[in-house]
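The structure appears right after this line, and notes come after that.
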Amino acid sequence: MLNRDIFVIGFMLFALFFGAGNLIYPPTLGIESGTAYWSAIAGFILTGVGLPILAVMAISYVKDDARELAEKVHPLFGVLFTSIIYLAIGPFFGIPRAATVGYEMSIEPIPTIGSSYSSLFIFTTIFFVLVLLVSYNPSKVVDRIGQILTPILLLAIVVLSIGAIFLLEGPLSIPSEKYSTAPFFTGFVEGYLTMDAIAALAFGIIVVNAFKERGLTNQQDIMKSTLKAGIITGIALSTVYAAIGWLGTKMASHGTFTNGGNILSEAANLTFDFYGSIILGIIVTLACFTTSVGLVVAAGQFFSKVTSFSYNMVIIIVTIGSWLIANQGLDTIIAFSVPVLVFIYPIAIVLILLSFTRKLFSDSKGVYRGAILFTALISLYDGLNAFGLSLDGITPIISKLPFFDIGLGWLIPAIIGGLLGALFRKQKI
Numbered sequence: 000m001l002n003r004d005i006f007v008i009g010f011m012l013f014a015l016f017f018g019a020g021n022l023i024y025p026p027t028l029g030i031e032s033g034t035a036y037w038s039a040i041a042g043f044i045l046t047g048v049g050l051p052i053l054a055v056m057a058i059s060y061v062k063d064d065a066r067e068l069a070e071k072v073h074p075l076f077g078v079l080f081t082s083i084i085y086l087a088i089g090p091f092f093g094i095p096r097a098a099t100v101g102y103e104m105s106i107e108p109i110p111t112i113g114s115s116y117s118s119l120f121i122f123t124t125i126f127f128v129l130v131l132l133v134s135y136n137p138s139k140v141v142d143r144i145g146q147i148l149t150p151i152l153l154l155a156i157v158v159l160s161i162g163a164i165f166l167l168e169g170p171l172s173i174p175s176e177k178y179s180t181a182p183f184f185t186g187f188v189e190g191y192l193t194m195d196a197i198a199a200l201a202f203g204i205i206v207v208n209a210f211k212e213r214g215l216t217n218q219q220d221i222m223k224s225t226l227k228a229g230i231i232t233g234i235a236l237s238t239v240y241a242a243i244g245w246l247g248t249k250m251a252s253h254g255t256f257t258n259g260g261n262i263l264s265e266a267a268n269l270t271f272d273f274y275g276s277i278i279l280g281i282i283v284t285l286a287c288f289t290t291s292v293g294l295v296v297a298a299g300q301f302f303s304k305v306t307s308f309s310y311n312m313v314i315i316i317v318t319i320g321s322w323l324i325a326n327q328g329l330d331t332i333i334a335f336s337v338p339v340l341v342f343i344y345p346i347a348i349v350l351i352l353l354s355f356t357r358k359l360f361s362d363s364k365g366v367y368r369g370a371i372l373f374t375a376l377i378s379l380y381d382g383l384n385a386f387g388l389s390l391d392g393i394t395p396i397i398s399k400l401p402f403f404d405i406g407l408g409w410l411i412p413a414i415i416g417g418l419l420g421a422l423f424r425k426q427k428i
């Protein structure tokens with residue numbers, strides 16, 4: 000495998016990961032964490048970079064796709080959970096969010112256009128037509144994204160970040176309440192919102208197929224090349240997160256902001272005036288577009304395997320569904336996505352970690368089932384709670400779990416469930 004191919008695929012994976020959430024959450028973390036920034040961003044990078052790379056590596060172990068990981072629990076769970084992941088990161092939340100963030104940060108600020116349903120409709124229509132056209136030929140995705148779009152995206156991010164970091168002045172703020180006691184773990188949970196760990200379960204097969212198309216057939220060679228590409232992706236993501244997060248800390252003395260998009264927009268205007276808006280528009284549009292293409296391709300490849308629909312038919316359905324939901328607006332999409340992510344993220348994390356430790360328990364289905372069941376029970380509570388449902392009857396019990404206050408209440412139950420499952424490892428269930 001040529002080093003050039005590994006770099007191209009590594010850059011492609013970076014572009015696929017780096018979408019809407021990756022742009023808007025680090026600046027928010029920066030401005031809220033203030034003097035606790037480096038601890039907070041370390042936690043964010045652990046879930047926003049470390050877990051996605053582990054997930055891609057986990058997929059390189061299997062012969063097909065993420066179903067093979069989830070089927071360790073049960074074949075039905077494999078299909079259902081993997082389908083939920085693809086729907087969540089695809090037409091239900093991930094793709095529509097990317098399109099609407101792209102609109103709100105690149106088109107809506109233009110004075111002559113403003114904010115209106117018609118402008119959102121026109122933008123999303125053009126956006127998804129282009130996404131569909133690029134997605135028709137998945138074998139070209141690596142070349143189009145890895146060689147063309149990613150260098151432009153990285154250059155735009157570097158220009159904006161360096162300019163803002165050196166030109167903006169101001170002291171770091173005192174950490175907000177949620178970052179005042181455990182900034183590392185708060186950043187860890189905030190990393191969920193990027194959706195990259197679950198997206199990696201979908202993107203992983205794109206990476207594996209890209210290496211296979213370049214002549215790799217040996218499983219060990221594929222795993223080693225995937226690791227190298229993942230390291231390249233991880234370095235790029237970590238650098239960018241740290242840079243735009245630090246940019247956020249610089250904006251603390253320049254006003255109050257409602258979200259990361261506002262922070263980046265104001266930073267661009269303060270640093271480069273009109274040209275800053277152009278740079279930001281390039282970053283946002285490319286980031287959201289490349290991620291959307293990757294998600295459409297991944298969904299097309301998966302659902303064409305588990306249904307009777309062809310790849311082309313699936314990507315048409317996914318694109319139309321994403322377009323319809325995107326036109327409901329960003330606030331609506333976020334309101335419904337957060338509870339779902341809070342529910343499925345811990346399950347995905349445990350599944351990924353089990354795939355790397357499976358030799359310790361001889362790949363026992365009992366361990367998989369116990370760990371996933373106990374995790375799901377706690378994460379279901381967290382998801383329902385995030386959705387706003389009143390759970391006063393069980394909250395006093397759940398809240399006594401270790402690490403509950405830092406959003407990791409599922410951790411100990413997952414370990415206990417796995418240990419209980421190990422006791423029945425020889426039992427046929």
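Counting in numbering that gives the first Met the number 0, the sequence shown runs from 0 upward without gaps. Using N, Cα and C, we set each Cβ at its ideal position, and we do this for glycine too. Quick caveat, the model's predicted, so the values are computed rather than measured.
field: DSSP-derived helix/strand/coil call for His73
entry: coil
task: Can you tell me which of the three DSSP states Lys399 falls into?
output: coil
- request: Under the assumption that Thr374 contacts Ala421 (Cβ atoms under 8 Å), give the Cβ distance between them as a whole number of angstroms.
  value: Going by Cβ atoms, the distance from Thr374 to Ala421 rounds to 15 Å, so no, they are not a contact pair.
task: Just confirm the distance between the C-beta atoms of Leu263 and Leu22, as a whole number of angstroms; I'd bet it's less than 8 Å.
output: 7 Å
- prompt: Are the region 87-97 and the region 378-392 touching by the rule of at least three beta carbon pairs closer than 8 Å?
  reply: no
- request: Going by CA-CA distance only, name the one from Thr124, Lys399, Ala163, Gly229 that's closest to Ile439.
  value: The requested residue 439 is not part of the displayed model; the chain covers only 0 to 428.
- request: Go ahead and label Arg368 buried or exposed: buried means 16 or more other beta carbons lie within 10 angstroms of its beta carbon, across all protein chains shown.
  value: buried
Three-way DSSP call (helix, strand, coil) for Ile428 in this model: Caution is warranted here: a pLDDT of 47 is assigned to Ile428, below 50, making its placement in the model unreliable, and no coordinate value can be reported.
query: So what does DSSP say about Gln219, is it helix, strand or coil?
result: helix
query: So, helix, strand or coil for Leu388, using DSSP?
result: coil
- request: Going by CA-CA distance only, name the one from Gly162, Val78, Tyr240, Gly328 that's closest to Ala41.
  value: Tyr240
query: Expressed to the nearest angstrom, what Euclidean distance is found between the alpha-carbon atoms of Ile428 and Leu75?
result: Residue placement at Ile428 cannot be trusted, given a pLDDT of 47 that sits under 50; what the coordinates show is reported in the next sentence. Taking the straight line joining both Cα atoms gives about 14 Å.
- request: Pull up the distance between the alpha-carbon of Val48 and that of Gly233, whole angstroms please.
  value: 6 Å
task: Please list, in chain order, all residues of the same chain as Ala90 whose beta carbon is under 6 Å from its beta carbon, the five residues on each side excluded.
output: The sequence given here has Pro at residue 90, not Ala. These residues qualify, in order along the chain: Val317, Gly320, Ser321.
- prompt: With a cut-off of 8 Å, do at least 3 Cβ pairs link the region 400-407 to the region 350-367?
  reply: no
message: Can you confirm whether the region 156-173 touches the region 263-272 when touching is taken to mean that 3 or more C-beta pairs between the two stretches lie within less than 8 Å?
response: yes
query: Does the Cβ of Ser59 have 16 or more other Cβ atoms within 10 Å, making it buried, or fewer, making it exposed?
result: buried
query: Okay, do the region 98-107 and the region 324-333 touch, 3+ Cβ pairs below 8 Å being the bar?
result: yes
message: Measuring alpha carbon to alpha carbon, tell me which residue in Leu372, Leu279, Ser363, Ala297 is nearest Pro108.
response: Leu279
query: CB Phe17 to CB Thr290, shorter than 8 Å?
result: yes
query: Taking just the CA atoms, how far does Val207 sit from Ala181?
result: 37 Å
query: For the alpha helix (DSSP H) that contains Gly420, what are its first and last residues?
result: 410-422
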